[in-house]
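Residue numbers (the working numbering), protein chains in the order written: chain D, 1 to 151; chain V, 152 to 302; chain G, 303 to 719; chain S, 720 to 1136. Encoded as structure tokens, the structure appears first; notes follow it.
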Ligand SMILES: Cc1ncc(COP(=O)(O)O)c(C=O)c1O
Ligand SMILES: Cc1ncc(COP(=O)(O)O)c(C=O)c1O
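Shown next as structure tokens:
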């Protein structure tokens, strides 16, 4: 039990001063993800530019881990192509499942969540924004806000 | 565990050579009692003479205790009045529930079943013919064979 | 009232309370989820499995007779504990949840019809809510709700509007597992019976913590869990009035619950066997009997009094924590040893996580009461819940843990200024 | 095949086998009713209650995480034990009986309609008979029966007549708890699937005693009890194919089985949680995991082989008893370690009673198989059933006990001549 593994300064920073938080005036994709068991709710908003995610925002309520993860996610994904998003998402998930993943330098903020893997019950908190984003991208054609519930 | 308390010679005698066994040509009351859990089946036949049980017979299949109890019951009840039957039945039941009952000499055969009270699971075997008889007497007006299931 | 036991002596009976977590003594404050077990209960299990483990009922050999006698003796103990009129009113199931579902299937299907009404409350545990949702949907019946006020009490002024001639059942919790509210169930039963409605009490949080007398309350059904009252996991109890049990259809079919089985139809055993199909949870039922003995020895009046005292102490200490919001009734006498709270700027999950680093075990989440969370407009709460072995020092450890959480999170706040 | 364990060493692991009854060493031959428990299983219970007793799922503190991990690890162990494709196919219930009733309620109500057919056999335990009687009555479906021949085998020539396009389910026992017959379930499953019928196997008497591979058998549902396989009382298992579990409605409503709960409706958790409402029998599930470890260590091939050997020995010895009638298949390879018998002139109850005076525990009665008793025209049988710890000396004690019974009753016969 190293509490410091979990509540790193950078995580608390994101929690207290989240980046890209709030519903933007325009979004091509809107997805909401909730974990009813925890009461965590996250909304993800994406403005597209062709194959790229031009802007990513989030909103919602939850614990430090899920909100910090959402804040970091929006930050690292700005301007990334769908293919890059998929790759980063896969790497992040692998990291959360305890795999030893070497993230490129530009993703080092994400690295700070590595310690979450040691707290099995909190892994789903960190994954919630990512799962929500994936769901939004997968249902882009829906033309409306989609939602997913996770456990 | 005194096995001899249970399998007294007199009980085995009644089991091997039951008295008043077999369906009589005439009966005013016919009742069958079964313990489906044990597979014991007893039929009781009574020929009445006013307030008296002129003849009591039984038939059926079961363990040594239930058949010996049936045989003894038919014997001690021959010619008894309904009121006497009720009294003896109550005394017998009390004895089976472990109460210290002083039976009159003419009922001493019944006394041999006293040890059954020490074997809780066998008590219902000894009671089956008595319960069946009671049920028959209580439903005399039915004008037909009645049946009862006990546990 | 006085507490007739010494909490430090009592703690010696619970081996787990001597253990450590992260090198610190365990402070177990999640008793509403499940309680710890005294040595006597653990010994009962070991004794059963090493001395007379056998299937019950109909085994004509010594250890089976011993097992049967002990099993039925446990039934009698439980009956006496809640002052049931006879052991036959006690059905052993797995937990409170199964007890309530049994009533749904075996009583509900035949007694709640289209347009009939079931009245429950907004503070029910999912286990006393979802079964009635399902029954209502199945039968086309109406599910109605007693509301909860800001203090966490049932709004009983609404009662006379909500209950009608069509109300078949009122299913309500005796004590809220989130708010600690002790509901005035005797009055509810009285009113219900006037309208011909039956009352099911979810007693999961009352029977373990205070004297409960089913004949005095006059409820028709009562459900509780052994594991919350020092018994092992895997045993729950349904109490019901005898005439109801007699008239109800069976729930599960199988061994032991039958009398005579033909190929295409069967007759049923008498109650309680009619509702205990298959091999029961013999060892755990007997151990629940040991738990009942242990609680009776302490005395339920004393148990209740100790919990009132510790709750008062905790309320006083917690109120001093800045930025805390406490839920539940303000008046001590109508609340139990359950305190839910939220803390400004620290999510309940993070509270629980940080408390765990101090070996303090509390629960964070919706506590199986999602509608109640919505009622109070919170996604989750943290909850501390007490039992006979809870000490003031443990409450102090909780409060210190909350300060630690505030330090960790407050630090971030400062830096972000 | 060889037996890879030493039965006398194995016996040391079972503390109850060192005890005495009426001053004589216990000879426990009622393993089909319930098995004895090794020290490792008892230790698992004690360890849980003294070290990490906590409610599972969603508790963000150390002992709750430990309890959750151990609980889910037990699920994985059970899955591997029967070669289930994944742990999610394993639902923990109380016993075989509940597993079958779960299928009746959660699958049967939606999948068996008026005039549909359910095919079972004459040798079913009440637990695999009564639920289908009730379902058939409720839905207006037809219950049909595979008959049993004089040797105690299913008459499978009748199969093609009995199964039709309307057959929705074939529910049949893998091993008969009275006759010891091992039914050819793989062939039955194959035929059933041709007609689009599902197959439920009652594996209460097979999983504890022989290797069982659900993927190889390809059954759709499989039910068994932990207490018959060295586990504690109070845990049973339902295995079902994943797509079935996904499509089935919930059985009991309550905590843990939900995802989102609104006042009047709810959504369900994923399997297996969808079918595990309320606090599970945590300690006993974990201890069942320990039982599975113990059995796996012995090796199920060896377990089966030991039982074949002891059954052969017992059949040989029992056949020498005058006036005895043995039931069940003559060929060893298709029978299990269960021997039912009757004795001329001594009722099964009296046999059991006299054996008990010699500390030999056998069962006497209908063994929850009343229709089968009728089929063989006996009110009851005596039954001896074996397990890994059964020795030839114990079989000898049984035979000597039967001689004692004959002496006691024969004496009476003599005198009455
Ligand atoms: C073949 C068979 N099916 C079902 C059962 C019922 O098992 P349980 O009583 O554990 O539910 C048994 C055991 O009694 C059995 O032998
Ligand atoms: C008020 C209340 N009702 C029902 C339950 C459900 O109990 P169990 O999980 O033992 O079925 C609980 C406990 O979680 C509870 O607190």
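Every residue, glycine too, gets a C-beta built ideally from N, C-alpha and C.
* **Given 8 Å, three or more beta-carbon pairs between the segment 354-361 of chain G and the segment 592-611 of chain G** => no
* To do: Please decide whether residue 561/G counts as near chain V, where near means a Cβ-Cβ distance under 8 Å.
  => yes
* Any heavy atom of ligand 3 within a distance shorter than 7 Å of the CB on residue 698/G? -> With respect to ligand 3, the structure shown offers nothing to examine, as its ligands consist of ligand 1 and ligand 2.
* Take the Cβ of residue 1038/S as the centre, count every other Cβ of all protein chains shown within 10 Å, and call the residue buried at 16 or more, exposed below. => Result: exposed.
* Asked: Should residue 334/G be listed as close to ligand 2, given that the test is whether its C-beta is under 7 Å from any heavy atom?
  -> Checking the Cβ of residue 334/G against ligand 2 gives yes.
* Complete alpha helix (DSSP H) runs within the segment 723-794 of chain S (minimum length 4 residues, chain order) -> Whole alpha helix (DSSP H) segments, 4+ residues: 726-731 and 758-766.
* Exposed or buried, residue 211/V, counting other C-beta atoms within 10 Å across all chains shown (16 or more means buried)? -> buried
* May I ask you to report which of helix, strand or coil DSSP gives residue 860/S? => coil
* If you check the beta carbons only, do residue 1060/S and residue 1030/S fall under 8 Å apart? -> Cβ distance not < 8 Å, so residue 1060/S and residue 1030/S don't count as in contact.
* Under a CB-based cut-off of 8 Å, is residue 149/D close to chain S? -> yes
* Exposure of residue 1121/S, with buried meaning 16 or more beta-carbon neighbours within 10 Å -> buried
* Asked: DSSP on residue 63/D, reduced to helix/strand/coil?
  -> For residue 63/D, the three-state secondary structure derived from DSSP is coil.
* Sufficient close CB pairs (3 or more, under 8 Å) joining the segment 9-20 of chain D to the segment 29-43 of chain D -> no
* Closer than 9 Å, Cβ to any Cβ of chain D: which residues of the segment 772-801 of chain S, in chain order? -> Listed in chain order, the positions of the segment 772-801 of chain S with a beta carbon within less than 9 Å of a beta carbon of chain D are 776, 777, 778, 779, 781, 783, 784, 787 and 788.
* Taking Cβ-Cβ distances shorter than 7 Å, what residues in chain G pair up with residue 188/V? -> 360
* **Neighbouring residues, chain S, relative to residue 447/G (Cβ below 8 Å)** => 982
* To do: Just mark residue 589/G as buried or exposed, buried being the case when its beta carbon has 16 or more other beta carbons within 10 Å.
  => buried
* To do: Quick one: which unbroken alpha helix (DSSP H) runs of 4-plus residues sit fully inside the segment 1068-1133 of chain S? Chain order, please.
  => 1089-1094
* Quick one: residues in its chain with C-beta nearer than 7 Å to the C-beta of residue 575/G, no 5 flanking neighbours on either side, listed in chain order? => 558 and 559
* Taking only beta-carbon atoms, is residue 219/V less than 8 Å away from chain S? -> no
* At a CB-CB cut-off below 8 Å, which residues of chain V make contact with residue 1098/S? -> For residue 1098/S, the C-beta contacts it makes with chain V under 8 Å involve 189, 190, 191, 192, 212 and 213, in order along the chain.
* Going by alpha carbons, who is nearest to residue 445/G out of 433/G, 395/G, 451/G and 452/G? -> 433/G
* Asked: Apart from the five residues just before and just after residue 673/G, which ones in its own chain have a Cβ nearer than 6 Å to its Cβ?
  -> 424
* To do: Name, in chain order, the residues that DSSP records as bridge partners for residue 49/D.
  => 52/D
* Can you check DSSP and say which residues form a bridge with residue 886/S? => 836/S
* Strand pairing of residue 192/V, partner residues [DSSP] -> Answer is 185/V and 212/V, bridged to residue 192/V.
* To do: Step through the CB atoms of chain S and report whether any lies within less than 8 Å of the CB of residue 121/D.
  => yes
* To do: Quick one: list the residues of chain S neighbouring residue 276/V, beta-carbon separation under 9 Å, in chain order.
  => 1068
* Run through DSSP, which three-state label would residue 92/D get? -> helix
* Rounded to a whole number of angstroms, what is the C-alpha to C-alpha distance between residue 122/D and residue 65/D? -> One C-alpha to the other measures close to 7 Å.
* To do: Please report the residue range of the beta strand (DSSP E) in which residue 921/S lies.
  => 917-921
* **Exposure of residue 924/S, with buried meaning 16 or more beta-carbon neighbours within 10 Å** => Using a 10 angstroms sphere on the CB of residue 924/S, the tally of other CB atoms reaches 16 or more, which defines it as buried.
* Cβ neighbours of residue 12/D in the same chain (closer than 7 Å, five flanking residues each side left out) -> 64
* Any idea what DSSP makes of residue 541/G, helix, strand or coil? -> Residue 541/G sits in a strand when the DSSP states are folded into three classes.
* In chain order, what residues of the same chain have a beta carbon less than 6 Å from the beta carbon of residue 689/G, not counting five sequence neighbours either side? -> 333 and 337
* To do: Give a yes or no on whether the C-beta atoms belonging to residue 807/S and residue 999/S are separated by under 8 Å.
  => no
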